[in-house]
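Residue numbers (the numbering used here), protein chains in the order written: chain A, 1063 to 1173; chain B, 448 to 558.
Glycine residues also receive a C-beta, built at the ideal position from the N, C-alpha and C atoms.
All of these numbers come straight from a predicted model, not from anything done at the bench.
The structure appears below as structure tokens.
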Amino acid sequence: GIQVEQSPPDLILQEGANSTLRCNFSDSVNNLQWFHQNPWGQLINLFYIPSGTKQNGRLSATTVATERYSLLYISSSQTTDSGVYFCAVPPEETSGSRLTFGEGTQLTVNP
Amino acid sequence: DGGITQSPKYLFRKEGQNVTLSCEQNLNHDAMYWYRQDPGQGLRLIYYSQIVNDFQKGDIAEGYSVSREKKESFPLTVTSAQKNPTAFYLCASRRGPGELFFGEGSRLTVL
């Protein structure tokens, strides 16, 4: 099956710093999602981004499907950005197909 | 409001007891999923269902059972056969190849 690798596994920042998280996948995909899991466990949808670039406030994401990677940019980080960031891809473009998740990047933003 | 509701949020049970976690969605999504998350780990797929009265095993189905009698509902039973049931359980749903959305999760502790 498809393999998904995220890097770095852990990242510690000072408030106000910028960061880039990476998601590599081993096969062609038709879409990709980024999630943020907050310290209470809730998984929040950040981006649904099969290709191209999207921006939402201080966060943006770029997926280059032909090169099999996606990047999540966090600018001017805040302590509330702390948590785990997951990317997920479906191996097939069919209803109900299972998504493969990466192992996540644990982000800690210190005040 | 549309969304995915999991209950209970916290559950304590004695070893050897079966427990059922509820997941209800009013998003009119066809596919529903159950994931398990252990501390500091990623998400592992337990079961998923693409349509009513049909479901498939995920990667760690042993010791779990599900049903899908209604489109809106996908309950998960953690049976006494599950050797290490203490974990965080997440339910998710999606329409076709669209975005995956998660409920807030249920934390099960077996004493």
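Does DSSP put A/ASP1072 in a helix, a strand or coil? strand
On the DSSP bridge assignment, give the partners of B/GLN453 in chain order. B/CYS470
Can you check whether the C-beta of B/TYR511 is within less than 7 Å of a C-beta belonging to chain A? no
Please check if any C-beta of chain A sits within less than 7 Å of the C-beta of B/GLU546. yes
Here's the rule I'm using: 16 or more other beta-carbon atoms within 10 Å means buried, otherwise exposed. How should B/ARG541 be labelled? buried
What runs of the beta strand (DSSP E), each 3 residues or longer, lie entirely inside the stretch 501 to 525 of chain B? 511 to 513 and 523 to 525
In the DSSP assignment, find the beta strand (DSSP E) that holds B/LYS530 and state where it starts and stops. Here B/LYS530 belongs to no beta strand (DSSP E), and DSSP marks it neither H nor E.
7 Å is my cut-off, CB to CB: does B/GLY449 come that close to chain A? no
Beta-ladder partner(s) of A/THR1141, from DSSP: Per DSSP, none; premise fails for A/THR1141.
Could you give the DSSP three-state label for A/ALA1127: helix, strand or coil? helix
DSSP three-state call for A/GLU1155: helix, strand or coil? The predicted model places A/GLU1155 with a pLDDT of 49, which falls under 50 and marks its position as unreliable; any figure quoted below should be read in that light. A/GLU1155: coil per DSSP, three-state reduction.
Exposed or buried, what is B/ARG515 when buried is set at 16 or more other beta-carbons lying within 10 Å of its beta-carbon? buried
Nearest-angstrom Cα separation, counted from A/LEU1121 out to B/GLY438: The requested residue 438 of chain B is not part of the displayed model; chain B covers only 448 to 558.
Residue of B/GLY545, B/ALA539, B/GLN529 and B/LYS518 minimising C-alpha distance to B/ALA508: B/GLN529
The beta strand (DSSP E) with A/GLN1095 in it runs from where to where? 1095 to 1099
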